[in-house]
Amino acid sequence: MVDLVVAQALSETLGGGPQPDLLEARQMQALSLAVHIPLVCFGIAFPAMFLFVEGLYLRTGDETFKRLAVKWSKVALTLFAVGVVTGTILSFEFGLLWPEFMASFGQVFGIAFALEGISFFVEAIFMAIYVYGWQRLSPRVHFLTGIPIVISGFAGSFNVIAVNGWMNDPGGFDVVGGRVVDPRPWEAMFNDAMAHEVFHMYLAGYVVAGFIVAGVYSAAWLRGRRDKYVHTALVVTLSFACLAAPVQVIVGDWAARSVTQRQPVKLAAFEGLAHTTKGASFTIGGVFDEDEQRVRWGIEIPHLLSLLAEHDPNATITGLDSVPPEDRPPVNVVRFAFQTMVGIGTGLALLGAVFFLTWWRRRRLPRSRWFFRAVVAAGPLALVALIAGWITTEVGRQPWIVYEVMRTEQAVTSADGLETGYVALVLVYLALASGVLWMLRRLARQG
Amino acid sequence: MLPEICLALAMVGITAYAVLGSADFGAGFWDLTAGGARRGGRVRGMVQHAMSPVWEANHVWLIFVLVVVWTAFPVAFGSIFSTLSIPLFLAALGIIFRGAAFALRGQAGTIREARVLGALFASSSVLIPFCLGAAIGGIASGRVPVGNATGDVWSSWLNPTSVLIGVLGVVTGAHLAAVFLAADSRRAGQEDLVHAFRTRALGSGVLAGALALAGLLVVRSDARALFDGLTSGAGLACVLVSGAAGVGTLVLVARGRHEPARFVAAVSVAAIVAGWAFAQRPYLLPPELTLDEAAAPDATLAAVLAGLGIGAVILVPSLWLLYRLVLRGVLDQRFEPLDQRFTTLDKDERR
């Protein structure tokens, strides 16, 4: 962002005592995000899936399709309800954990959340109408009430991710005398990191939700349930997930190149690249040694990093040493998360390719039991990749909460005793996770 | 002018949440106090029946308030959430349990599961309005200073005004819920439940009125500025409207006119929320931060109004559609006492 005038370091907007609990605050926020984001995937992708199946029902009149759509919409409603509350926790935490951040920048990025609030409202309204309207609304009207769910699911994630994009590519304000002044909310919202983040997350939603639901029916298939109901469920969910997974590789490349341009230190952390290097090599695996400032025990592929990041094998890639040590993210966490995401993502894309080649050439599902076993594994793996991806971008942005403008330690609350809150939150989320898994198991068993 | 309009938007959100959200919490209160599985089965069935299609949309009003406040009044937001971190964190935990347990109870397979989830749902439904009311009491009584957690972490919400508003929040919610549930029971054709909720509505209404009157004395000794605001000018007018609407609700309920009672009860709550805003004028965080000082620059406020204005074009008709479908019974599922649901489920599984 060129037009950002940071005249001097940011000072406190609120001001208070010492801020002792940064670590706990970060852990609480990370935990809450990790709980909420998988639910977001279902909010993004599941409505499109059940609406597609309902569309098949409207065209054919086949009750199997209707049964499937009813079932999925009920699961989606329960997951949506849990997402409503976990999302609420996130908004509370913005204030509870990061009051300085909100007090300084709420005026800049808040508008995106205001629009998100509207989307969320519309989603909640039509979700209720859709799920409780199966009996009394006419089939056509009922189908139509599903469309706003799909649109608002997209709009909601678009708005939230616009804020995350802004944290990575802050703009739409000036800092004068240590104060944030002259907010330009629309400029902040339409930042340059938004587009690739939105597409990356949107596709992730389809990959995660698609493979998790497909995994449930794959398990049924492996147990010998091969009726039309299971077959339809598999084909629909796999089509969504397997279409999204290979495209995700391309969007991932776009995202990485954007990070190369805008946040070179973050990219250097992805790769464990200590020094600015011409024709940099890509290292698979290994551990970054902070003392020696290099990756040890990895497999090095010459020139590949320059080729991937700049599409030129001899391009110069900025290293971690371009900024002082206190401005660098923790390399191993970021790098391990990045490699996990890329590794799993590649595997899922290959699985997607297998499905599509088989479907395209033979018009049927693959026959190998290994394919179905792989699909069962793909759901949890996609979830791991999702969380790893968010760790990559969030920890990779550290030590900044607003990239190169506000440090995370400046943003945190002065309230003490967050340890208690942290323990309470862990226990509550454990209870929540077991409750949701218990419910999903029950629903899966009912078929 | 822009700050006033944005504040009015936030107050609309708070009012909607104080009516619709509170009624859902109140429904949880009646669920909690309904008695054993057998005896309380019908009341709980009606709570489930009435809340299911609307509680998520009702809950979004809270999010709406948060986003308007943190965008339009960011310094106030940061100060409120850092000083009142304990009640707000407790409310947040309550929100997780309330929503998740209610949603999961819909999928419960046995009466035991339903009872555990129901107990969680219902007890959180009491915790949340108390904590949110206590937080409002802290703001209104001038205990939230500007700053990052610079107010007292305990006395900012454990003080006479806070406790009063917290308790009043719980009781008012119970009253609203009983009024609404009586009307819902009539629509579902369950006359015994109409009677049961009418009794509850009258009892809780009288209690809420008595608490409100006694509360004025509490406020007088604990937060004199707030008391003066509520007993003069526009604040007084709102208090009187609220009281009259409260009495009106009781009369309508007693006469069995449940549909109009819904709206009059809502007016009663809306008036007291407006009265609070008038009483602490011109402050957003009394006694130091005024509305104008707290407001973000005009560019932000204009963006909020533009964004929400465009949003309202979609949102208002959507809300209208939802509540119309609900009130006409289009989204109604078959009424089923909660305990009986499991006997029928068991039969289905055996078959």
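Those sequence lines, one after another, are chains A and B.
Each residue of the first sequence is one higher than the last, beginning at 15 in the numbering used here.
Each residue of the second sequence is one higher than the last, beginning at 12 in the numbering used here.
Cβ coordinates follow ideal geometry from the N, Cα and C atoms, glycine included.
Keep in mind it's a predicted model, so treat the numbers as computed, not measured.
Shown here, B:V275 sits in a helix according to DSSP, grouped into three states. Those residues of the segment 168-188 of chain A placed with their C-beta closer than 8 Å to a C-beta in chain B do not exist. Identification of residues in the segment 338-349 of chain B having a C-beta nearer than 7 Å to some C-beta of chain A yields V341, L342 and Q344, given in sequence order.
With fewer than 16 other Cβ atoms inside 10 Å of its own Cβ, A:N328 counts as exposed. Residues are counted here when their Cβ sits less than 7 Å from a Cβ of chain B; for the segment 414-429 of chain A these are T427, S428 and A429, given in chain order. Contact with chain B is found for A:M453, since one of that chain's Cβ atoms lies less than 8 Å from the residue's Cβ. Between the alpha carbons of A:F56 and A:L45 lies a distance of about 18 Å. Look at the segment 320-339 of chain B: the residues with a C-beta under 9 Å from a C-beta of chain A are I321, G322, A323, I325, L326, S329, L330, L332, L333, L336 and V337. Sequence-distant Cβ neighbours of A:E285 in its own chain, meaning closer than 6 Å and more than five residues away, are L319.
When rounded, the separation of the alpha-carbon atoms in B:F353 and A:I165 is 37 Å.
With at least 16 other beta carbons inside 10 angstroms of its own, A:M181 counts as buried. Distance between B:P348 and B:E270, taken at the CA atoms: about 23 Å. Secondary structure of A:Y417 (DSSP, three-state): coil. Within the segment 296-307 of chain B, those residues whose Cβ lies closer than 7 Å to any Cβ of chain A are, in chain order, A307. At a cut-off of 8 Å between beta carbons, A:Q41 makes no contact with chain B. Beyond the five residues adjoining it in sequence on each side, A:I51 comes within less than 8 Å, by CB distance, of L400, I401 and W404 in the same chain, given in chain order. For the segment 53-124 of chain A, the continuous alpha helix (DSSP H) assignments of 4+ residues that do not extend past its boundaries occur at 77-111, in sequence order. Taking C-beta atoms as the reference points, B:S90 and B:V157 count as a pair closer than 8 Å. The beta-bridge partner set that DSSP reports for A:V301 consists of A:R310.
Under a criterion of Cβ atoms nearer than 7 Å, the residues of chain A adjacent to B:G120 are, in order, R456.
Assigned with DSSP and collapsed to three states, A:F157 falls in helix. Listed along the chain, the chain A residues whose CB falls inside 8 Å of the CB of B:A114 are L91, T92, A95 and V96. Within the segment 197-209 of chain A, the residues whose Cβ lies closer than 7 Å to some Cβ of chain B are P197, R198, P199 and W200, listed in chain order. Inside the segment 91-117 of chain B, DSSP marks whole alpha helix (DSSP H) runs of 4 or more residues at positions 96-116, from first to last along the chain.
Neighbours of A:A438 in chain B, taken as residues whose beta carbon is under 7 Å from its own, are L104 in chain order.
The CB of A:S382 never comes closer than 7 Å to any CB in chain B; the least such distance is about 34 Å. Ranked by how close their Cα comes to the Cα of B:A306, the residues A:S118, A:F108, A:L252 and A:L93 have A:S118 in first place. Residue B:G153 holds the alpha-carbon nearest to the alpha-carbon of B:P298 among B:A225, B:G153, B:L228 and B:L13. At the C-beta level, B:F141 and B:F113 stay beyond 8 Å of one another.
Cβ contact annotation for A:A218 (same chain, cutoff 6 Å, sequence separation greater than five): L400, in chain order. For A:L110, at least one C-beta of chain B is nearer than 8 Å to its own C-beta. Contacts with chain A (Cβ-Cβ distance below 8 Å) from the segment 173-204 of chain B involve no residue at all. Those residues of the segment 52-72 of chain B placed with their C-beta closer than 9 Å to a C-beta in chain A are S63, P64, V65, W66, E67, A68, N69, H70, V71 and W72, ordered along the chain. Contact between A:Y231 and A:R81 is ruled out by a C-beta separation of about 13 Å, above the 8 Å threshold. Shortest Cα-Cα distance from B:V78 to any of A:V89, A:A62, A:M42 and A:V122 involves A:V122. Below the 9 Å Cβ cutoff, chain B contributes I74, L77, V78, W81 and T82 as neighbours of A:F127, in chain order.
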